[in-house]
Amino acid sequence: MTSPYTDDLALAQELADIADGITMSRYRAADLAVETKPDLTPVSESDKAAELALRERLAAARPDDGIIGEEFGGAEDFDPARPAAGRAWVIDPIDGTKSYVRGMDTWTTLIALLDDGEVKVGVVAMPALAKRWWAVRGQGAFADGRPIHVSNVADIDGAQFLWSGIEEWDAIGGFQRVVDLGRRCWRTRGVGDAWQYMLVAEGAAEIATDPEATLWDLAAVSIVVEEAGGRFTSLGGVEGPGSGSGLATNGRLHGAALGALGALGARD
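In the working numbering, the protein residues as written are 463 to 730.
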């Protein structure tokens, strides 16, 4: 079955190639320039150069589409409660800048397309590990060209649970809830960032979560999880990627995970 977004997927793949070329050329460079943003998170020269390159390509290829990016704005136009009509690209050339600047290979390139507020295309690339995932709404999810699907694990005690750093959960007073859920699961790992969601999509894990995350952190990963047969919400149970936190499961365990962690998402 063909999709009206086939050409958009091809463009998203091209955008990922452009970003990966820029970011890999400076990865682990001894003279990499890194600044601290007002929110005290790092931004490297590669973050800025790659996003500018993607914006330039989108301006040429899709001049009528909006653009939402981490470094140069656009998120102020997105309201998850009242999604704007029309198309907008959501780009994050380096998701996991802290990993990038410390030489950890788990950072990702994230490209997504929103149409009337719904994610229709998503590409997730890990260029340092030569891995890539993608999805188009209604067309399934793929990893390096092969179809992927979430697991069939139906009980918490058989689940692998992936979560981000202790400090992030401490910041919202939620670390004990993570520990309590983890003790009910078969296995836990502090993977974090986009990779944890791709592991859920591939069926290697059943639960992955972030206590605080932005639209550009989650748009691309959410459609891959959903098209792989999983479910993606905020910690407050709001469907989709735009409500400030992320919870992905294989679907069967979503209610149990929300029950364990969902009170933390009341602010959603």
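For glycine and all other residues, C-beta sits at the position ideal for the given N, C-alpha and C. This one's a predicted model, so the numbers in the text were calculated from it and none came from an experiment.
Integer-rounded CB distance, given that A670 should sit under 8 Å from A710:
5 Å
Please list, in chain order, all residues of the same chain as I762 whose beta carbon is under 6 Å from its beta carbon, the five residues on each side excluded.
One cannot answer for residue 762 here, as it falls past the ends of the chain, which runs 463 to 730.
Whole runs of the alpha helix (DSSP H) within the stretch 498-527, excluding any shorter than 4 residues:
507-523
Hey, would you say V586 sits closer than 9 Å to L572, going by beta carbons?
yes
Using a threshold of 9 Å, state whether the C-beta atoms of R599 and S465 are closer than that.
yes
Is the beta carbon of L576 sitting closer than 9 Å to the one on A597?
no
Runs of 3 residues minimum, wholly inside the stretch 596-645: which ones carry the beta strand (DSSP E) assignment?
603-605, 608-610 and 622-625
If you draw a straight line from the alpha carbon of T468 to that of E476, how long is it in whole angstroms?
13 Å
At least three beta-carbon pairs within less than 8 Å, the stretch 471-487 to the stretch 513-527
yes
What's the gap between the Cα of T568 and the Cα of E532?
18 Å
Which term fits G565, buried or exposed, when burial requires 16 or more other beta carbons within 10 angstroms of its beta carbon?
exposed
Output yes or no for whether 9 Å exceeds the beta carbon distance between G584 and A682.
yes
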